[in-house]
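Each step along the sequence shown adds one to the number in this note's numbering, with nothing skipped, and position 50 is 30. Each residue gets a CB set at the ideal place from its N, CA and C atoms; glycine is no exception.
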Amino acid sequence: MSHFSDRLLGPVPYFLEQPGGEDVVPFVTPAGDRMWLVCDYSLARRVLTDERFSRAEAVKPHAPQLIDAQPVPASMASMDGTDHTRLRRLVAGAFSTRRTAALRPGIERLADQHLDALAAAGLGADLVHELAAPLPVAVLCSLLGIPPEDVPQFRGWVEVLFDLSLGTPEKKARHRLELADYMADLIERKRRTPSVDLLSSMIEAHDRGEVSMDELLTMGLALLMAGYETTVGQLGLSVLSLLADPVAYADLSERPGDLVPTVEELLRLNPSTPLSFSRVALVTMPLGSITVRAGEAVMVSLLHGNRDSGTFPEPHGLRPSRRDAAHLTFGHGIHRCVGAPLARLQLQVVLGRLTQRFPTLRLASHPEPVIWKDGLGTRGLARLLVEW
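What follows is the structure, given as structure tokens:
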């Protein structure tokens, strides 16, 4: 990749392979539509907060699209203004810092169980299969109230939907329908037998007339799919980034007090979400070196923004001690990732315990220890072979 100098990024979409230096560049999407890609950190923050760039307009049938896909149902991520606020308020409490902190003991137990199994298995393992994939799905399904026996089926659906190399378009469409049918059935089961979980509280909000059934179904699916795939990807990428810098791995193993800033730096350096959702300009306006016309679509490269040398000195290096501006990995503005506190907690628990229990962890001496997933909206690993 011409803009970046390290090997941590793996394959990236062609339109992210920019030569560097430009603040906003044009590109043609895989769907054949023209968009603008914002690469500058300050401009990225502006686009993500400026109400003149609309998410709601970007999901309308004739708006420019990243990929050819079915129309996106209404959800928080595709709304502006009061509609967005109404739905976000419904789930934000479950992901508050206080509520998330209460989940720490359970996440620690899960992490210890998986690490115990790793230690008992021998001197090597696939960290994606044994740790990065199973832990987030268990956490998220517990939060939402999905029965443990349904978790393997859910993982199968989501992995095919997010990895472009898995399954035919027909299979992906079938999985999407099966997942939607499953969620609709689960909502009905929970309506009959409610419990203390996020999905049950969302059902209560529907019964009070605060959300429609379509919104309830779409939000449940969005929380499951986005929260699972991004966290799985971020765990794998973060471990890979540490293993690529043995000094940083050893430092974290020896100084666990550096865990929080190290996690933030790993999020900046190697984000599992390289792009924002698209937005459509409501008016013609200047944007850095270009003019965006009303009706044109804009996407923010979170990857480029996080490595903007004007904001982050030595942007391609892992520097846990940096005290620069906040990274963009969770977005910015009203559409900032609602699950960010939970994602951070899982990263802190897993990386903290992993580096303490396996201080000599390293990439396996295998011809291909790392296999990348093939995705556009998310980045991640299909395999991460390690030994100790």
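Exercise. Report the rounded CA-to-CA distance for residue 112 versus residue 331, giving the unit in angstroms.
Key: 10 Å
Quiz item: Which partner residues of residue 279 appear in the DSSP bridge assignment?
Solution: 17
Self-check item: Backbone secondary structure at residue 349 - three-state DSSP
Solution: coil
Exercise. Compare the Cα-Cα distances from residue 286 to each of 201, 9, 23 and 7 and report the closest residue.
Key: 23
Exercise. Would you mind sorting residue 176 into buried or exposed? The rule is 16 or more other CB atoms within 10 Å of its CB.
Key: exposed
Exercise. Can you tell me the Cβ-Cβ gap for residue 370 and residue 328, rounded? I've got them flagged as a contact below 8 Å.
Key: The structure shown does not extend to residue 370, since the chain spans only -19 to 368, so no value can be given for it.
Quiz prompt | Top-ranked residue by Cα proximity to residue 31, from 19, 312, 60 and 292 | solution = 60
Exercise. Alpha carbon to alpha carbon, how far is residue 72 from residue 103? Give it in angstroms, no decimals.
Key: 41 Å
Quiz item: DSSP three-state call for residue 388: helix, strand or coil?
Solution: This structure does not reach residue 388, given that the chain is present from -19 up to 368, and the question cannot be answered.
Quiz item: Excluding five sequence neighbours on each side, which residues of the same chain lie with their C-beta closer than 7 Å to the C-beta of residue 311?
Solution: 28, 256 and 317
Quiz item: In terms of DSSP beta bridges, what is residue 270 paired with?
Solution: 267
Practice problem: Report, in whole angstroms, the separation of the C-beta atoms of residue 282 and residue 264, which I expect to be a contact under 8 Å. | Solution: Contact doesn't hold; Cβ gap of about 25 Å is too wide.
Quiz item: Starting from residue 194 and walking both ways along the alpha helix (DSSP H), at which residues does that stretch end?
Solution: 193 to 223
Quiz prompt | 8 Å Cβ cutoff met for residue 343 and residue 349 | solution = yes
Quiz item: In chain order, which alpha helix (DSSP H) runs of at least 4 residues are fully inside the stretch 64 to 138?
Solution: 77 to 81, 84 to 101 and 114 to 124
Self-check item: Between the CA atoms of residue 128 and residue 122 - distance to the nearest angstrom
Solution: 8 Å
Quiz prompt | Alpha-carbon spacing of residue 120 relative to residue 289, whole angstroms | solution = 35 Å
Quiz item: Under a Cβ-count criterion, where at least 16 other Cβ atoms within 10 Å of its own Cβ denotes burial, should residue 42 be classed as buried or exposed?
Solution: exposed
Exercise. Whole angstroms is fine: what's the gap from residue 185's alpha carbon to residue 347's?
Key: 53 Å
Practice problem: Give every residue of the same chain whose Cβ lies closer than 8 Å to the Cβ of residue 225, excluding the five residues on either side of it in the sequence, and list them in chain order. | Solution: 298
Quiz prompt | Own chain residues within Cβ distance below 7 Å of residue 352, not counting five before or after | solution = -10, -9, 361 and 362
Quiz item: In three-state terms, what does DSSP make of residue 154?
Solution: helix
Quiz item: residue 183 to residue 170, Cα distance in whole Å?
Solution: 8 Å
Quiz item: Between the Cα of residue 20 and the Cα atoms of 4, 14 and 337, which residue gives the shortest distance?
Solution: 4
Quiz item: In this structure, what does DSSP give as the bridge partners for residue 34?
Solution: 260
Practice problem: Give the straight-line distance between the Cα atoms of residue 75 and residue 322, rounded to the nearest whole angstrom. | Solution: 7 Å
Quiz item: Between residue 117 and residue 82, what straight-line distance do the alpha-carbon atoms span, to the nearest angstrom?
Solution: 18 Å
Quiz item: Since residue 243 and residue 303 are thought to touch, with beta carbons under 8 Å apart, how far apart are those beta carbons, to the nearest angstrom?
Solution: Their Cβ separation, rounded to whole angstroms, is 15 Å, which puts residue 243 and residue 303 out of contact at 8 Å.
Quiz item: Out of 206, 295, 280 and 335, which has the shortest C-alpha to C-alpha gap to residue 138?
Solution: 206
Quiz item: How many Å lie between residue 79 and residue 214 at the Cα?
Solution: 22 Å
Quiz prompt | CB-CB length for residue 33 against residue 278, believed under 8 Å | solution = 6 Å
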